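4 protein chains.
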Amino acid sequence: MVVIIKKGSDEGNMQQLIGWLQGQGLEVNISRGQYQTILGLIGDTHRIDADLINGLPIVERVTRITEPYKNANRKFHSQDLVVEVGGHKLGGGHFQFIAGPCSVESKEQICDIAEQVSGAGATMLRGGAFKPRTSPYAFQGLRSEGIELLLEAKARTGMPIVTEIMDASHLPLFEAVDVIQIGARNMQNFELLKEVGALKKPVLLKRGLANTLQELLMSAEYIMAGGCEDVILCERGIRTFETATRNTLDISAIPMLKSMTHLPIVIDPSHSAGIAALVGPLSLAAAAAGADGLMIEVHNDPAKALCDGPQSITPAQFAQVAAQVKAVLEVVKK
Amino acid sequence: MVVIIKKGSDEGNMQQLIGWLQGQGLEVNISRGQYQTILGLIGDTHRIDADLINGLPIVERVTRITEPYKNANRKFHSQDLVVEVGGHKLGGGHFQFIAGPCSVESKEQICDIAEQVSGAGATMLRGGAFKPRTSPYAFQGLRSEGIELLLEAKARTGMPIVTEIMDASHLPLFEAVDVIQIGARNMQNFELLKEVGALKKPVLLKRGLANTLQELLMSAEYIMAGGCEDVILCERGIRTFETATRNTLDISAIPMLKSMTHLPIVIDPSHSAGIAALVGPLSLAAAAAGADGLMIEVHNDPAKALCDGPQSITPAQFAQVAAQVKAVLEVVKK
Amino acid sequence: MVVIIKKGSDEGNMQQLIGWLQGQGLEVNISRGQYQTILGLIGDTHRIDADLINGLPIVERVTRITEPYKNANRKFHSQDLVVEVGGHKLGGGHFQFIAGPCSVESKEQICDIAEQVSGAGATMLRGGAFKPRTSPYAFQGLRSEGIELLLEAKARTGMPIVTEIMDASHLPLFEAVDVIQIGARNMQNFELLKEVGALKKPVLLKRGLANTLQELLMSAEYIMAGGCEDVILCERGIRTFETATRNTLDISAIPMLKSMTHLPIVIDPSHSAGIAALVGPLSLAAAAAGADGLMIEVHNDPAKALCDGPQSITPAQFAQVAAQVKAVLEVVKK
Amino acid sequence: MVVIIKKGSDEGNMQQLIGWLQGQGLEVNISRGQYQTILGLIGDTHRIDADLINGLPIVERVTRITEPYKNANRKFHSQDLVVEVGGHKLGGGHFQFIAGPCSVESKEQICDIAEQVSGAGATMLRGGAFKPRTSPYAFQGLRSEGIELLLEAKARTGMPIVTEIMDASHLPLFEAVDVIQIGARNMQNFELLKEVGALKKPVLLKRGLANTLQELLMSAEYIMAGGCEDVILCERGIRTFETATRNTLDISAIPMLKSMTHLPIVIDPSHSAGIAALVGPLSLAAAAAGADGLMIEVHNDPAKALCDGPQSITPAQFAQVAAQVKAVLEVVKK
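Residue numbers (the working numbering), protein chains in the order written: chain Y, 157 to 490; chain H, 157 to 490; chain E, 157 to 490; chain P, 157 to 490.
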């Protein structure tokens, strides 16, 4: 951490700050310049509140050199994390397909899709029971009934299930869920992160629409601080000025996150663009760039899907995409 | 609502869609062109799920003409909403100052600040008990104890209190709170919106960092759909590419929202820029542009504040800003 | 084009507008609703100035249904454009590598790199002679001398050259240049676009940092309106809130542009992220997503490069990336 | 400037870098930590190329502490710059209204508007002769004829004129122009900046749609490096995710720029939002926040304006806005 002291600051106040920093176990190196003085802080600064120091009248600016996260930090975890879900490994060279409908609609629908995507190479089933919708007048999901239907599909196909939680009070319903998903809009719902983290069950954490990679890792840190180690990160598109696609898939997030953290990264090509025709190209791009998995919306009748129809593909299209992705993975791994 | 039908679509499929739309009580006008056919839908379309129609194979695009919100819509409420809190009116020409520290730290601190800002013209007291912090290692607020201290400051000064809720399970603690604040990061925590809306108590809804004005109104609609009528909107800066300020205050949101809704609009100049020296200029700008109130962070010792020190001003500075704002308001109202 | 007429507008004014529109050769369909009236315009609207109509007092909003570009529009060009440069085809299934240093520094440097990248699979040589730099104190390129050195490298290796023009007055220097590059910061330098278009020589048009795909195509339209047909589009990262990477590569631009236009699309993975370690993963992603080529910065001594060192890779690294990209292309084409 | 050296870097390489930096006249302070070593550079670093150092293999990151601009830097100019145009002072407490149509259309139009806005308090006349338009099919301005008409209006009213240049080759036409405007799309057309700067005539420099305040000052630095001292900065809205307004006026830019530079700042409320009804509120906000002037589009018949009609106000509306702004200025200055 580097602290810039304003020109003309009182020497006594600066010495007081230096004393306080040393009291926090940090070594302080001083570089005095014409326009400002630079304090170089050496030691474990990840628990130091940069905002607090920034608020002092003698301080011009504080710049972090080391990251404010530790559990999710690559520097302390040189080995890639491998998350095992229902016998399937994800991360560290293991790639998985998570597939299923946007919303669970009926027993027939979810079981039918589960069987089809399972046959085409998916190893985990996704499906929304609780649905965050912008409009209060839009379909909100089957809720607890949806969870039951997912568990039935799991019983029938053996696929572990991934589904989103929207409120900590629903946690009892998620006991048999294999991977709990935190949606993009809840990435900084810190109370929810803490409660979900305490379960020590795999969590799939989606990046918020306007959150930086560092903030994503800080949210992972919240979950991990509670004792959970198995966090799967998910990039699903960020909000930019471009309107041709619903969001902008940040493909660079894959290699960047690989250098910042040991946690596995999954891409959601369906929500990224919001356009079914783009699911194929974006899936191939994600695999080529080094993703550890894909989370794809598949519906047996996309045009009639109760939500997010335009971005869903059919089981047949999924099978084709999965086959191409596998071919790319083989080439890239070499 | 306008539905564009793809060139070369099957006439039967189009007639089926037209029939379904008519069944929803809409009148459908057809314009046939060389490259596409346009269906103009006339009637109450705010409950129609545009995504659903957009997913049909014959549909190229759906464009909403009327807004998807009704309770928060200016078109149905020509009179400005006036929210009354503890005898103070906000909206419809009534301007209020909401002031107080970022976090409640101690009884002495909150009572002292309350008395000072009250003396300088503030009519409502703000203070964080539950604090959303990016890092799990940063101070998280005094939580329930913080609420108690706020109520004590209310008892002492008579000021109604505004404080943020982070999770619906904390609602019992908020019974005596006058205005419940929904923070920017929870603007689309739809479960929380529903539960808070059911209380029918005034709500201050902050705009999310990357949410459009329409999405802000859709979230207000969630609260209002639950029966609550008194929603105060709050613009607190959006996330852009600019890094000189922490966020970018969207000053245009004030006149735009005035044309879109009858709900009052309050500006938070403290979080907008994250810089104490900008609180004054931005407060004046907000008043000049037509805001109904200001929500300002004030701390008796900003440099020692447990959080957000750099953006807090002192009670003396607040008094100065408030006096200038009042002078601007008098000029602008004429 | 759809024109929404405000509620309560004067019927005479509306009939006058309808008459004017019909005079422009358009057919006008009218849908009258409770809150507004919708005019559906049928015909060739790409020369109609939407802003002009939008300015009329009776108009609430104008929405384009057809695109405002024609020469660059996929609808009128079902066949992919193939641009041929020095005997190398780019587009329509033909993939090319454009490689070379950020800046031309010396005869030895440019010829050395040209030979190395040529040996590794590059078919076109890039190199900056005129360099747009944010600071007036930074190296501005060798300018006309740089062009001469590029031509010498071309003479020696037979590689056609691609280099950026910054001002129309420099055009005489570009006579022997094979592909004229328009940089991101000049994407909407319309005078330059017109003058370059008049040469009818292949142009590589980079997307501006904050320009939409439609604006990119409108700039292509400027070049094509001057008679030039061979425009190669180049995505090189857009500006977003994320700061971990210098820009955000919009990978979705590849399949989106393929649906909007027949022009070929090249990706610049070097400027996209500004990080050498990301050039490999982003190149593979681009190839997998359907790009027609890559434009990669290669330097024999990146650490000493006079500009943009951090994002350059070595010739050996380029050879590795090119080999992997070719392997991915073979898999994807199947 | 702070240079972070990677953990485990070769000591010899580091000493070599330190020697080179000292050779540039800088003092280097070394802080050695467990995870990296920090070099604090003391001295005049504004000519040091941070990218160059960043490219060295042993360097993890370079952070600037002092700004890379000098001529435009507040630190070296404690007095506000006052630009005098045709006897009217702008900056340093002097406020001016620049008004006129988007495009010059005819002698009658420009002279008529000039007389009306002059009567209402405008002291400078704006009007576009060369118009940057997104579409090649839209009206491009009267060009050289437009300049002549502006000069005629100047002769008739005595108002100095402000008009945009799009290409350096047009400079001879701008000899009698009082203030040369650089448009937002040309803010980083560095060749143009250099040539315009060499004239030593007042320049109004508009901020690009996606440019930071620092980049705006770097472009001012280009103009000033050529000898021109009179640069007026203009904020005209930035591009964000919000679509309700055409751009987002960055009101915080006013107080931020005041702390970064001594150059005066003018606000363009017309292009910021693209909505005539917002010109009033945004003008008042700008004046309240400390702007040195306003640049407002005024048209005698906005609905028929050849471009940008929706954002123009009438002379009568301008007179009203100007009167309100003056009242706010009086209150704020106290």
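Quick reminder that beta carbons are idealized off the backbone N, C-alpha and C, glycines included.
Computed from a predicted structure; not experimentally measured.
Contact check, residue i vs residue j, beta carbons under 7 Å
i      : j      : result
Y:I379 : Y:V422 : no
E:V318 : E:R282 : yes
H:P411 : H:G247 : no
E:N169 : E:I214 : yes
H:I161 : H:T193 : yes
Y:T404 : Y:A228 : no
Y:R395 : H:A340 : no
P:E453 : P:C258 : yes
E:S291 : P:M374 : yes
Y:L440 : Y:F253 : no
E:I338 : E:L369 : no
Y:A429 : Y:T401 : yes
Y:I407 : E:I407 : yes
H:I303 : H:L327 : no
Y:R299 : Y:A309 : no
H:E301 : H:A324 : no
H:L195 : H:V159 : yes
P:L212 : P:G199 : no
E:F397 : P:P288 : no
E:A443 : E:V481 : yes
Where the beta strand (DSSP E) through residue i begins and ends
i      : result
Y:L389 : 387-391
E:I186 : 183-188
P:F253 : 252-256
Y:L361 : 359-362
E:R282 : 280-282
Y:K245 : 244-246
Y:I407 : First-last for Y:I407: undefined, no H or E at that position.
Spatially closest choice to residue i from the options, by CA coordinates
i      : options                        : result
Y:P458 : Y:G449, Y:F474, Y:G446         : Y:F474
E:G382 : E:L355, E:D406, E:S408         : E:L355
Y:R392 : Y:V359, Y:L438, Y:K357         : Y:L438
E:M315 : E:Q344, E:T279, E:E371, E:Q296 : E:T279
P:I469 : P:A445, P:G436, P:A483         : P:G436
Residue i to residue j span [Cα, whole Å]
i      : j      : result
H:K163 : E:K231 : 11 Å
E:D334 : E:L306 : 11 Å
Y:D207 : H:P466 : 7 Å
H:R188 : H:L197 : 14 Å
P:V487 : H:A294 : 41 Å
P:H250 : P:V260 : 28 Å
H:A479 : H:L434 : 16 Å
P:Q180 : P:T201 : 9 Å
Y:V239 : Y:S262 : 30 Å
P:D205 : P:P224 : 9 Å
P:G275 : H:A376 : 45 Å
Residue i: first and last residue of the uninterrupted alpha helix (DSSP H) it sits in
i      : result
Y:Q337 : Here Y:Q337 belongs to no alpha helix (DSSP H); instead the beta strand (DSSP E) covers 335-338.
Y:I469 : Note, Y:I469: premise wrong, no alpha helix (DSSP H); not H, not E.
P:K350 : 346-353
Y:I379 : 369-381
E:I161 : Element bounds for E:I161: not the alpha helix (DSSP H) but the beta strand (DSSP E), 158-162.
query: Can you list the alpha helix (DSSP H) stretches of 4 or more residues lying completely in the stretch 413-457 of chain P, in chain order?
result: 425-429, 435-445
- prompt: Fully enclosed by the stretch 196-239 of chain Y, which alpha helix (DSSP H) runs are 4 residues long or longer?
  reply: 206-210
task: Report the residue ranges of all beta strand (DSSP E) runs contained in full by the stretch 254-328 of chain P; include only those spanning at least 3 residues, in chain order.
output: 280-282, 317-321
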